[in-house]
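Taking it in order: structure first as structure tokens, then the write-up.
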Amino acid sequence: MLGSLVLVWIFICLLFLFIRIQRPKNFPPGPRPVPIFGNLFQLNIANPLKDFERRYGNVYSVYFGGRPTVVLTGMKALKEALVTKAADFSGRPQNILISDIREGKGVILADYGPAWKEHRRFALTTLRNFGMGKQSMEERILGETEHLVARLEKGSGNCPLVNLSNNCIT
């Protein structure tokens, strides 16, 4: 009984992995991935993606781990993606854990859409009000940079060694 449950569980896991590595429709061609590892073992150490470019052209897909990634090479493909179809390519990869923590808010890791545009507009307006892009802001940044460099030079050579794992592991 236990043996058959283990076999069923292994079969379901393998089926899930097989379904997961299937290429979505309208996805660029690329090498067949290995479950869990993707195409990591197929990468050349010297120039990892050059072999794939020769075999599949300027637009191809690879799996880094379990995550599908579209790779663009060549000016024509890059211009089409970043200029001609910019709105289609301006999204960000979403991570469930980070999405739960952010609760759909933020600018840097947010997916492109109306909420992102609103947050970006607010952030830029706020930064401009604080002097971003103005001469006074540049002077403040230079002053702070000089102060930081002076503090670093003053303390160079007498910094105690710190075991960071003591701060990370409790």
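In case it helps, my numbering puts the sequence shown at residues 804 to 973.
Glycine included, each C-beta is placed from N, C-alpha and C at the ideal position.
Bear in mind that the values here come from a model prediction, so they are computed numbers and not experimental data.
Take the Cβ of residue i as the centre, count every other Cβ of all protein chains shown within 10 Å, and call the residue buried at 16 or more, exposed below.
i              : result
serine 864     : buried
proline 851    : exposed
asparagine 842 : buried
valine 952     : exposed
proline 832    : exposed
valine 862     : buried
proline 917    : exposed
Checking 8 Å against the spacing of the C-beta atoms, do residue i and residue j come in under that value?
i              : j              : result
leucine 820    : isoleucine 839 : yes
methionine 940 : glycine 946    : no
Kindly list the residues whose CB is nearer than 7 Å to the CB of residue i, restricted to its own chain and excluding five residues on each side of it in sequence; keep chain order.
i           : result
leucine 808 : none
proline 834 : Asn842, Gln845, Phe855, Val865
At which residues does the beta strand (DSSP E) containing residue i begin and terminate?
i            : result
tyrosine 866 : 862-867
leucine 875  : 870-875
Name the two residues that bound the continuous alpha helix (DSSP H) containing residue i.
i           : result
leucine 945 : 938-958
Can you find the residues in the same chain that come closer than 8 Å, C-beta to C-beta, to residue i, ignoring five residues on each side of it along the sequence?
i          : result
lysine 853 : Asn847
Give the list of continuous beta strand (DSSP E) stretches no shorter than 3 residues that lie fully inside the region 834-862.
none
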